[in-house]
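Below: one structure, written as structure tokens.
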Amino acid sequence: MSAVYDAVIIGAGPAGMAAAITLADHQARVLVLDEQGGPGGQIYRGVEEMSLMMPDLFAALGADYAHGDELAARFRNCGAEYRARAMVWQVVPGEEAHEVWVSQSGRSFRVLARSVLVATGAMERPVPVPGWTLPGAMTAGAIQVLLKSAGVVAEDLVIAGAGPLVYLLAAQCLAAGARPMAVLDTTPRGNLAAALPLLPGALRGKGPSYLAKGVSLKLALRREGVPVFGGVTDIELKGTSEVTDIAFKSRGRPLWLSAAVVALHEGVIPAQQMTRALGCAHDWDPVQRCFRPRTDGFGNTSVDGVLVAGDGAGIGGARAAEHAGRIAAAEMLCRAGRIDAAARDRLAAPERRGLAEHRAIRPFLDRLYAPPAWLRDPADEVIVCRCEEVTAGAIRAAARAGAQGPNQAKSFLRTGMGACQGRMCGPVVSEIMAAAHGMDVAEAGYYRIRPPLKPITVGELAAAELD
Amino acid sequence: MFRRLEDPRAEIEFDFEGREVTAREGESVAAALLAAGLRGFRATAVSGASRAPWCMMGVCFDCLMEIDGLASRQACMVTVTRGMRVRRQRGAKALDGAAAPFDDDEGEFA
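Chains W and S supply the protein sequences, listed in that same order. So in our numbering, spot 165 of the first sequence is number 738, and the numbers just go up one at a time. So in our numbering, spot 103 of the second sequence is number 218, and the numbers just go up one at a time.
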């Protein structure tokens, strides 16, 4: 049996990079696995290449993005072993060590770890509106990825949704010289009033700098004359084989715009595929309407030796993720016997203060951008499971026919059994099932997730190397 | 739809269904094809509906393509390489593992 890593980190975003740096600084044996070609995660996607090759665009993307370049450089030099384009398709918890199964360049192998840090971040909340499966319908994050990783910008773009990313994307497109045609803000009426009592808390820590950034993004759009429609509901993407138009209501008034590309965004939620597959306990967040793995103050999940840091444990943003990564690293150092509990607590203390500063604004933001009610109640004809093309109506009919929850919906309809393995429909199916049976979503539960977490060929599986 | 900003990265050519497409070194197959003007990336196995990348970060599996003979690969997660052969998939896979050829009379690829 080959040597056991003190820590295996899955994901080289801000949480994973920060954790790796701390672990390596303490001479721990650490391996970082990441699916992308370079470090940064989605928030700092393509940051190393961008800073070298496209300095103008790098500057246009702003100081927060530039911070990722410094972090990536420190990560590269920290001494942690790093494998890019490495996809983890199974993690098996064990008594002595956990098994992590990895696919890289068409070859699968197993590594062993005393503790595993899941730093797989967030995904964008699915937005099941009519026409969201048409070519040309994308997420706001997808448009950002194209910009950051390929220097490709969308033309005839309409951005529709709610949350900080909507305005950030619009401002980044503008700075890159690709003017969005319009922004459709779906923030529900009443959210601001409900969030205002939480504003004093948002003025603590780093809150004011986040608020100032939000205001400056909105002002930039106004200065540049990008039309912003408020109170948007009833979004429908039109077109037969691709998006050609978007219909919507703004404060009840029906409107219509031509658009070749529509970026939809209703906030981000923890990517729960890996923590679900590991059998970690999850809790329901009733404000942001998403599941999060249950973690303690160090990032430990309910599965011994499996930790989560960053947005995968609950949305806090990139800077909060760094602190959470370093806290988890302290715990993993302790678990590996590299430091004692007192040293762990000393290491974690300043990070906890930093984390609290960056999280101060979250209760306000979570309430301000609580997802609209229509998002969890798509019309019967809307496709919810994109892979198997199962509509909301079919899921409701299955519930009436006796399907008790998301996992029975699978056997009735194959929903969640397609290529994405339920990543896209899971959150919506849980909501629809809960509503149909008059239960809490926590009670309705979520899909059981099984390996492989992403497809690998049978040949690769058969040839997998043990150590 | 999509256009490239000024980009000094090396240009590389790959094969898309017999046509030569220019990409930039380091980008994904999906990014290269979106930049080249492709709209429909595949037709679904269930209804034959046209689909294209939704998330560009490996979550949605709507950008599945046949790449160098291997079907159902995530075009957004595969880095394009010189001479790579990329095809769209239509419908369900045949038993021999090959994807059905795409009915390309829609003129959707510029």
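Glycine included, every Cβ here is placed at the ideal spot set by N, Cα and C.
In this structure, DSSP gives W:W947 a helical state, which the three-state scheme calls helix.
When Cβ-Cβ separations below 8 Å define contact, W:P708 makes contact with chain S. Proximity to W:R826 across W:Y617, W:A952, W:V835 and W:L757 peaks at W:L757, based on C-alpha coordinates. For S:D122, the closest C-alpha among the options W:G586, W:A593, W:E622 and W:I582 is that of W:E622.
Per DSSP, W:D579 is one residue of the beta strand (DSSP E) stretching across Y578 to I583. Under the three-state reduction of DSSP output, S:E128 falls in the strand class. Considering only W:I888, W:A916 and W:I716, the residue with the shortest C-alpha distance to W:D858 is W:I888. The Cβ atoms of W:H931 and W:K779 sit closer than 8 Å to each other. W:G734 is bridged by DSSP to W:D758 and W:H838.
Taking C-beta separations shorter than 7 Å and ignoring five residues to either side along the sequence, the partners of W:D884 in its chain run G694, A695, V841, P843 and A894, following chain order. Taking 7 Å as the cut-off between beta carbons, the residues of the region 983-1007 of chain W near chain S are A992, C993, R996 and M997, in sequence order.
Among the CB atoms of chain S, none fall inside 8 Å of the CB of W:V702. Put simply, the CB of S:M180 is far from chain W, with every gap to its CB atoms at 8 Å or more. The contact set of S:F176 on chain W, defined by CB atoms closer than 7 Å, consists of C960, A992 and C993 in chain order. Just measuring C-alpha positions, the residue of S:C178, S:E135, S:L185 and S:R134 sitting nearest S:G155 is S:C178. Scanning chain S for C-beta atoms nearer than 8 Å to the C-beta of W:G610 yields G141 and T194, reported in chain order. Against chain W, the beta carbon of S:G155 has neighbours under 9 Å at P708, S814 and E815, listed in chain order. Per DSSP, the continuous alpha helix (DSSP H) segment holding W:D918 begins and ends at A914 to R932. The region 933-947 of chain W and the region 847-855 of chain W do not touch, with fewer than 3 CB-CB distances between them shorter than 8 Å. With respect to chain S, the C-beta atom of W:L630 has a partner C-beta closer than 8 Å.
Separation of W:F821 and W:A767 (C-alpha to C-alpha, rounded to the nearest whole angstrom) is 25 Å.
The beta-bridge partner set that DSSP reports for W:H671 consists of W:A686. For W:T874, no Cβ of chain S is located within less than 8 Å of the residue's own Cβ. DSSP lists W:I582 and W:Y655 as the bridge partner or partners of W:V605.
In this chain, the beta strand (DSSP E) harbouring W:V725 covers V725 to A727.
Within the same chain, Cβ atoms closer than 7 Å to the Cβ of S:A145 are found at P168, M171, C178, A190 and C191, the five residues on either side in sequence being excluded. Residues of chain S whose Cβ lies closer than 7 Å to the Cβ of W:T712 are, in chain order, W169 and C170.
Close CB contacts of W:R892 within its chain, under the 7 Å cut and outside five residues either way in sequence, are with H931 (chain order). Closer than 8 Å to the CB of W:Q845 there is not a single CB belonging to chain S.
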